[in-house]
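Notes follow once the structure below has been shown.
Below you can see the structure in the form of structure tokens.
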């Protein structure tokens with residue numbers, strides 16, 4: 258499974274992007290389950306995402322499906338997946 262996270266916004270407006278491929282990872286089952294839960298808890302695709310001024314906005318792509326979300330309205334699963342991929346991804 259390929260997971261890509263793009264973070265935009267924030268006070269400085271600096272974009273950050275990371276990708277992670279779960280193939281061959283010892284924690285692949287956990288990461289894949291987390292990704293599925295993060296997508297399942299997303300708003301309907303096409304729904305406008307509202308955040309807060311100077312807050313971060315995220316694009317989460319998992320095997321071709323993309324959702325958008327924003328601080329402070331992230332679910333626990335989305336927040337956990339974003340942290341993990343931005344930390345572990347290249």
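Numbering (the working numbering), first residue to last: 258 to 347. The beta carbon of each residue, even a glycine, is placed where N, CA and C say it ideally should be. Predicted model only: the values in this text are computed from it and were never measured.
Item	Value
For the segment 315 to 334 and the segment 288 to 295, state whether three or more C-beta atom pairs, one from each stretch, are separated by less than 8 Å.	yes
Residue 277 lies in the beta strand (DSSP E); which residues open and close that run?	273 to 278
May I ask you to list the residues that DSSP assigns as paired with residue 264?	273, 315
Could you compute how far the alpha carbon of residue 279 sits from the alpha carbon of residue 307?	30 Å
Measuring alpha carbon to alpha carbon, tell me which of 298, 322, 323 ends up nearest residue 337.	298
Is it buried or exposed, residue 342, if we count other Cβ atoms within 10 angstroms and call 16 or more buried?	buried
Whose CA, out of 328, 261, 346, 339, lies closest to the CA of residue 267?	328
Are there 16 or more other CB atoms within 10 angstroms of the CB of residue 271, so buried, or fewer, so exposed?	exposed
Tell whether a beta-carbon distance below 7 Å holds between residue 260 and residue 309.	no
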